[in-house]
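Before any comments, here is the structure.
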Amino acid sequence: MRNMSLELLLSPFLFAVLLSSAHARIGYFWHITDLHLDTIYSMEGDARKSCWQLPRSGGASNGMSVAAASSPETPGAFGDYHCDSPWSLIESAVKTMKAKQGDNVEFVLWTGDALSHSAQPLSELKQHEILRNITELLGRSFSSQFIFPVLGHEDGTPHKYKQMGELWRHWLPSEALLTFEQGGYYSIEQTKSRLRIVALNTNFMRHDPKVPQANGNGIRWPAEYYTEPRASSSAQVPDEDLQQAEQQWLWLEEVLTKSRNKQETVYIVGHMPPGADERHLGPQHNGQLTFTERNNKRYLELVRKYASVIQGQFFGHLHSDTFRIVYDEHGTPISWLMIAPSIAPRKSGIGSNNPALRLYKFDTGNGQVVDYTQYWMDLPLANRANEPLWLPEYNLTHYYALNDISAIALHNFAERFTGSDTSWFSRYYRANAVRHQSGSPCLGLCMLNHYCAITRLDYDEFRQCLETEQLSLHSHAAIAALSSCCALFSLCVALSFVCCWHYTLPWMLHMLDTSATTTTTTTATTTSTPTATATNMDYDGQCEVAPTEPNAGFITAIPGLLLPAPNMRMGVRSRRQRMSQLANL
Ligand SMILES: *[C@@H]1O[C@H](CO)[C@@H](O)[C@H](O)[C@H]1NC(C)=O
Ligand SMILES: *[C@@H]1O[C@H](CO)[C@@H](O)[C@H](O)[C@H]1NC(C)=O
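Those letters in the sequence shown? Residues -24 to -1, 1 to 561, by mature numbering (1 follows the signal peptide of the UniProt record, and there is no 0).
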């Protein structure tokens, strides 16, 4: 009786609470990155020369414009795969953000590299003017929202932090301005959701007192980017910068500790992500990296330590659409990073992509990311139509069939790359360059490169992953081929070795060759990096394969690789068929 009345009393109240919370909790935020506005982009320019209209050198143009005659490619109104962004592209992106979501956004993350590579030789005054123009465009369009800007590597040197803080002061509260003007980093509390946004200056991650900065700049742009020699790319990192870099680390840990004590949740936002670039094939050594090895380890340690408060990590810089998983020391996935593709279509030395914008959907109560919608522009189509056509490309949960966005769900998804159904990797790969097709399909080692970059943020583990998974491709292929070839002939083998001599001999030799190296490397990995053993665990279900045999699942996954080891042909045709099926979805 008493229970009943209490229930009756409570139920309308509970209902109201549930109703209001269900309505109030969903919020949105945009993530835009790598705008790379090139103010000298010209539709009359040369697509092979950054879409610039360069003055003819030598002046020997006696009516015969050879260059123009031999280049049928003229830059489009909204950009070109070989160039940075024209103003029209950026303007259309911002208009689209406004049109798609209006004021129904909590904030906008803007993760750096607003300036083009072409801006580097420009005067600082001019660079600042470009930044101001973009800032004003965003400010006009999102007059009642906060935009959280993050410094990219093209955006500013330490002595400009104050000037840039001035530019962005209407978005940054005074506490944030204080650290921004000192070091280009800050944190902001979203009181509504007990969410703290921590904006890092990842330029400092390239500084390491222990590693001499060989060329001062890990990224080498082609020479044609510079119309005049670069002014100040000092090979030596000034002590002051190193001190500031150290200060940021200390500050970051302090912020994370406070957030944990106050039971806030945290988004870490930055320009350059830790770990390897998934599109840069092969082991990546210092000079190609963004974070130095030491800073990379340091960052990962912090994420492991504070994973319980870190709800998400958001980065740009790579220009590609990808993600990363951070594991704890036992190999359990504990945190994730999302890397959003760029608005600019060009990535020097790596590839191109279609312009992209991302809209996140999150629970404003606890910061939990629920989904995102990726928007894209089909660049050739938009140029042909002379209209900035921005369309939804996909929704994360739907596209990858995820139940939620968590480290575990993303881990299970990444494990599907190495499963027998290659359509999952094809899906991911199609989105990776925002549906820009670069020609050759990504198979074998290319696929492995993505898989290892996603699941091994530590550089050593990444290289080991490439190496051991590759070795095990060979040895498992050998075992599988050997067993299948000789299963029928086992009696024959026992009785007379000659019977299947021509099958076994090459394999025996190969086995002797590879098994020795493989076993040592594999055991080394399993003991030193627990993640290697744990990654074949399906956290929703049981083990897909014996966890002591780290790479077995990977191998059986790729039928094409069960060919003799030196012949690394893959099921190209079936993959193509699946890709074309996907394309017809
Ligand atoms: C900034 O915007 C103004 C007004 O639209 C324009 O005149 C100026 O050329 C722009 N500056 C640069 C560097 O593009
Ligand atoms: C993504 O989800 C939204 C609603 O959450 C829906 O309106 C939209 O059509 C979806 N887009 C795609 C590309 O699936």
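Think of the CB as a built atom: it goes at the ideal place given N, C-alpha and C, for glycine as much as any other residue.
Small disclaimer: the values here were computed from a predicted structure and weren't measured.
Please report the Cβ distance between residue i and residue j, rounded to the nearest whole angstrom; I am assuming they are in contact, meaning their Cβ atoms lie under 8 Å.
i           : j           : result
residue 143 : residue 111 : 6 Å
residue 246 : residue 294 : Residue 246 to residue 294, Cβ: 12 Å. No contact.
residue 23  : residue 51  : 5 Å
residue 362 : residue 75  : So it is not a contact: roughly 18 Å between Cβ atoms.
residue 248 : residue 291 : 7 Å
residue 384 : residue 309 : 5 Å
residue 159 : residue 220 : 5 Å
residue 327 : residue 255 : 6 Å
residue 84  : residue 6   : 5 Å
residue 1   : residue 339 : 5 Å
Please return the same chain residues whose Cβ sits closer than 7 Å to the Cβ of residue i, not counting the five positions on each side in sequence.
i           : result
residue 423 : 393 and 401
residue 359 : 52, 53 and 54
From residue i to residue j, what distance separates their C-alpha atoms?
i           : j           : result
residue 376 : residue 345 : 15 Å
residue 232 : residue 56  : 41 Å
residue 132 : residue 323 : 19 Å
residue 564 : residue 130 : Here the chain comprises residues numbered -24 to 561, so residue 564 is not present and cannot be evaluated.
residue 351 : residue 72  : 9 Å
residue 399 : residue 386 : 16 Å
residue 435 : residue 242 : 25 Å
residue 279 : residue 108 : 34 Å
residue 442 : residue 253 : 13 Å
residue 391 : residue 437 : 17 Å
residue 213 : residue 183 : 7 Å
residue 91  : residue 440 : 36 Å
residue 104 : residue 378 : 42 Å
residue 348 : residue 368 : 10 Å
residue 174 : residue 20  : 42 Å
residue 371 : residue 215 : 45 Å
residue 337 : residue 81  : 9 Å
residue 366 : residue 333 : 9 Å
residue 68  : residue 114 : 11 Å
residue 218 : residue 281 : 24 Å
residue 134 : residue 127 : 10 Å
residue 192 : residue 396 : Unreliable positioning characterises residue 192 in this predicted model, as indicated by a pLDDT of 36, which lies under 50. The coordinate reading is nonetheless provided below. About 44 Å.
residue 222 : residue 229 : 11 Å
residue 30  : residue 18  : 10 Å
residue 100 : residue 137 : 13 Å
residue 470 : residue 330 : Since pLDDT at residue 470 reaches only 42, below the 50 mark, its modelled position is unreliable, and the value read off the structure follows with that caveat. C-alpha separation (whole angstroms): 60 Å.
Three-state secondary structure (DSSP) at residue i?
i           : result
residue 336 : strand
residue 3   : strand
residue 231 : helix
residue 639 : Past the edges of the chain, shown from -24 to 561, lies residue 639, and the structure says nothing about it.
residue 436 : helix
residue 171 : strand
residue 410 : coil
residue 176 : coil
residue 38  : With a pLDDT of 41 at residue 38, under the threshold of 50, the modelled position of this residue cannot be trusted; read the value that follows with caution. DSSP places residue 38 in coil when its eight states are reduced to three.
residue 309 : strand
residue 388 : helix
residue 50  : coil
residue 145 : coil
residue 260 : coil
residue 137 : helix
residue 486 : Bear in mind that the predicted position of residue 486 carries a pLDDT of just 48, short of 50, making it too unreliable to give a figure here.
residue 315 : strand
residue 217 : helix
residue 76  : helix
residue 255 : coil
residue 375 : helix
residue 323 : strand
residue 294 : coil
residue 241 : strand
Skipping 5 residues on each side, what residues in its chain have a beta carbon closer than 6 Å to that of residue i?
i           : result
residue 125 : 86 and 144
residue 562 : Missing from the structure shown is residue 562; the chain here goes from -24 to 561 and no further.
residue 181 : 267 and 271
residue 407 : 297
residue 260 : 252
residue 381 : 345
residue 165 : 172
Please work out which residues of its chain come closer than 8 Å, Cβ to Cβ, to residue i, disregarding the five sequence neighbours upstream and downstream, and give them in chain order.
i           : result
residue 141 : 148, 153, 156 and 157
residue 257 : 421, 422 and 425
residue 357 : 365
Please confirm whether residue i has its beta-carbon closer than 7 Å to some beta-carbon of chain B.
i           : result
residue 436 : Looking for chain B here will not work: only one protein chain is present.
query: How about the segment 4 to 16 and the segment 308 to 321: do they share at least three Cβ pairs that are nearer than 8 Å?
result: Counting C-beta pairs with one atom in each stretch, the segment 4 to 16 and the segment 308 to 321 have three or more that are closer than 8 Å, which means they touch.
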